[in-house]
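Under the UniProt record's numbering, the very last position in the sequence shown is 442; numbers go up by exactly one each time. Positions of the beta carbon are idealized from the N, C-alpha and C atoms, including for glycine. In this text, all values refer to a predicted model and were calculated from it rather than measured experimentally. Beneath this line is the structure, given in structure tokens, with notes to follow.
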Amino acid sequence: MAKAGEAAKARADRKAHIKQKKKFKNRNAIGKARKNVGSAAKYITRTQAVKKLQVTLKDFRRLCILKGIYPREPKKKFKGGNTTYYFAKDVAFLAHEPLLDKFREQKAFLKKIRRAVGRHDKKIAMRLDARRPEYRLDHLIRERYPTFLDALHELDDALCLVHLFASIAPSQYVEASRVHNCNRLAREFQAYVTQTRSLRKVFVSIKGFYYQAEISGVTLTWIVPHAFAQQPSMQVDYRVMLSFLELYEALMTFVNFKLYHSLGLAYPPQIDAQRDDSGAFLSAMLLRSKAIDSGSVAAPVAAAPSSAKAPTQSQLQALKRKLEQVERDAAVEKPSDQVGGGAPDDDLAPMLDDSVPDEIATLRTLFKGCVFFCGRESPIASLELLVLACGGKLGWEGEASAFDAASASITHQAHTSAYSPAVFLNSSLSHTSATTDVCQRS
């Protein structure tokens with residue numbers, strides 16, 4: 001009995017000591033309350049942040065990427081030099097994020113699915129998987145990019161990553177649905193560039209095709225990898241890249257929607273399945289106006305009031321030139337809904353502004369009247385963007401081509417290897433890189 005009493009007393013003393021130690025944890029040597037100032041008050045370590053938010057490290061990284069919160073470097077690293085620090089205010093800001101509740105709901109749902117799989121209840125597991133909670137990033141896009149110009153200024157990285165995932169093959173790391181969605185977003189953006197002729201520079205390197213376009217006064221630069229068969233590598237952290245891709249997919253959807261509606265086009269654009277299956281890229285897209293797509297009749301333009309100012313002589317001359325250009329183009333070929341298939345001044349595309357600098361005006365019509373024919377080994381998708389954005393026409397060896405190799409309208413050929421020009425009597429032979437060099441020099 002005596003030994004039991006001593007053990008109980010020792011446990012009580014130990015608890016009292018721990019309680020007293022916690023009481024004076026934030027006090028100095030003389031018992032005065034220690035103020036939380038300096039780096040210790042301004043910054044918080046990653047371990048402390050994960051503990052405060054009560055999430056896993058994987059979810060914390062994902063949440064920081066989506067919210068745009070990055071590690072910081074304090075002047076005095078109070079927890080060691082190899083520790084990752086964040087602003088304490090940023091972590092407090094994350095605590096009120098609605099996505100945290102969605103992450104917890106998904107985790108609880110995964111536990112139910114694992115339990116059903118462990119019991120070999122496949123029907124219940126499939127039923128639960130079909131009801132898995134989903135979330136949207138619309139509020140994050142509005143929060144991080146208050147205006148459309150803010151979104152355009154941050155679009156370079158999004159374009160590069162979306163085009164990268166659009167060029168890789170589906171694997172166990174990247175689902176096929178993500179690859180198809182990136183391909184769709186990249187194609188929609190390139191179709192807008194060709195429709196408005198916003199392309200400014202093109203450069204080819206061993207890494208891929210570099211493009212530069214000007215949209216709403218903002219210069220955008222992105223790279224499209226070469227179409228090679230790439231094998232997935234374990235040296236790449238796909239989890240981090242897919243988290244960035246999740247944000248950029250939502251951003252690109254918002255930007256494409258705004259760009260298409262600024263032209264009066266329906267979004268998302270329709271795709272000609274037959275031409276798409278035949279190998280067409282931009283030519284398979286059908287750009288239609290919102291009025292035609294919705295089946296409604298456009299309202300007639302109201303007459304100008306009598307008090308309106310009369311148009312000046314320069315405005316009348318500019319309008320007359322545009323009308324003459326429309327009549328000439330309409331007499332040559334019929335209008336088409338396909339990208340690059342119609343006249344540059346049809347009612348689906350905005351009329352080219354006469355007030356642009358001479359360099360841009362020259363670049364927009366650089367390939368006007370030129371008809372290119374690509375060989376089977378040429379990068380058709382890249383050349384199609386370049387040629388159509390500069391006012392030319394493009395054909396290739398395939399069923400989806402608008403003309404075949406025997407067409408008399410062909411003026412130029414683009415090939416990546418030696419090719420016999422015997423079939424093309426009225427055209428000039430050029431290398432694929434020479435086409436981009438012409439655009440670069442212009």
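Asked, Found
"Can you name, in chain order, every residue of its own chain whose Cβ lies under 6 Å from the Cβ of residue 212, other than the five neighbours on each side?", "200, 201 and 221"
"DSSP state of residue 96, grouped into three classes?", "coil"
"Report all residues from its chain with a CB closer than 7 Å to the CB of residue 102; omit the five preceding and five following residues, and keep chain order.", "133 and 135"
"Between residue 284 and the rest of its own chain, which residues show a CB-CB distance below 6 Å, the 5 nearest in sequence each way excluded?", "271, 272, 275 and 276"
"What does the alpha-carbon distance come out to for the pair residue 383 and residue 187?", "13 Å"
"Got a sec, what are the start and stop residues for the beta strand (DSSP E) residue 211 sits in?", "208-215"
"Can you give me the start and stop residues for the alpha helix (DSSP H) that residue 148 sits inside?", "148-153"
"Whose CA, out of 250, 248, 287 and 63, lies closest to the CA of residue 267?", "287"
"Less than 9 Å separating the beta-carbons of residue 247 and residue 110?", "no"
"Quick one: Cα of residue 138 to Cα of residue 253, how far?", "10 Å"
"Considering only C-alpha positions, which residue in the set 360, 194, 245 and 70 is nearest to residue 175?", "245"
"Output needed for residue 449: all residues of its chain with C-beta closer than 7 Å, excluding positions within five of it in sequence on either side, in chain order.", "The chain is shown from 1 up to 442; residue 449 falls before or after that span and cannot be answered."
"Start and end of the beta strand (DSSP E) containing residue 43?", "43-45"
"Please return the same chain residues whose Cβ sits closer than 7 Å to the Cβ of residue 60, not counting the five positions on each side in sequence.", "49, 50 and 53"
"I'd like the span of the beta strand (DSSP E) that includes residue 414, first residue to last.", "412-415"
"Assuming the contact rule is C-beta atoms closer than 8 Å, residue 72 and residue 43 should be a hit. Round their C-beta distance to whole Å, please.", "6 Å"
"Would you call residue 217 buried or exposed, if buried means 16 or more other Cβ atoms sit within 10 Å of its Cβ?", "exposed"
"On a Cα-Cα basis, can you pick out the residue from 359, 182 and 367 that is closest to residue 386?", "367"
"Alpha carbon to alpha carbon, how far is residue 265 from residue 106?", "37 Å"
"May I ask you to report which of helix, strand or coil DSSP gives residue 199?", "strand"
"Could you have a look at residue 350 and say whether DSSP puts it in helix, strand or coil?", "Unreliable placement is indicated for residue 350, whose pLDDT of 45 sits below 50; the coordinate value is still reported in the next sentence. Residue 350 falls in the coil class under three-state DSSP."
"Measuring alpha carbon to alpha carbon, tell me which residue in 228, 197 and 154 is nearest residue 209.", "228"
"Looking at the unbroken alpha helix (DSSP H) that takes in residue 64, where does it start and where does it end?", "57-67"
"Between the C-alpha atoms of residue 121 and residue 394, what's the straight-line distance to the nearest angstrom?", "56 Å"
"Take residue 363 as the anchor and find which of 413, 198, 131 and 161 has the nearest alpha-carbon.", "198"
"In three-state DSSP terms, what is residue 51?", "helix"
"Name the two residues that bound the continuous alpha helix (DSSP H) containing residue 248.", "238-262"
"What does DSSP give as the partner residue(s) for residue 165 in the beta ladder?", "Its beta-bridge partners do not exist; DSSP assigns none."
"Comparing C-alpha positions only, which one of 76, 251 and 185 sits nearest to residue 144?", "251"
"Would you please state the rounded distance, in angstroms, between the beta carbons of residue 370 and residue 392? I believe it to be under 8 Å.", "4 Å"
"Would residue 302 be called buried (16 or more neighbouring beta carbons within 10 Å of its own) or exposed?", "The predicted position of residue 302 is uncertain, since its pLDDT is 34 and thus under 50; a value taken from the coordinates is nonetheless stated next. Residue 302 is exposed by the Cβ-count criterion."
"For the putative contact between residue 193 and residue 406, defined by C-beta atoms under 8 Å, what is the C-beta separation to the nearest angstrom?", "Incorrect: roughly 31 Å between the Cβ atoms, too far for contact."
"Taking all protein chains shown into account, do 16 or more other C-beta atoms lie within 10 angstroms of the C-beta of residue 127, making it buried, or fewer, making it exposed?", "exposed"
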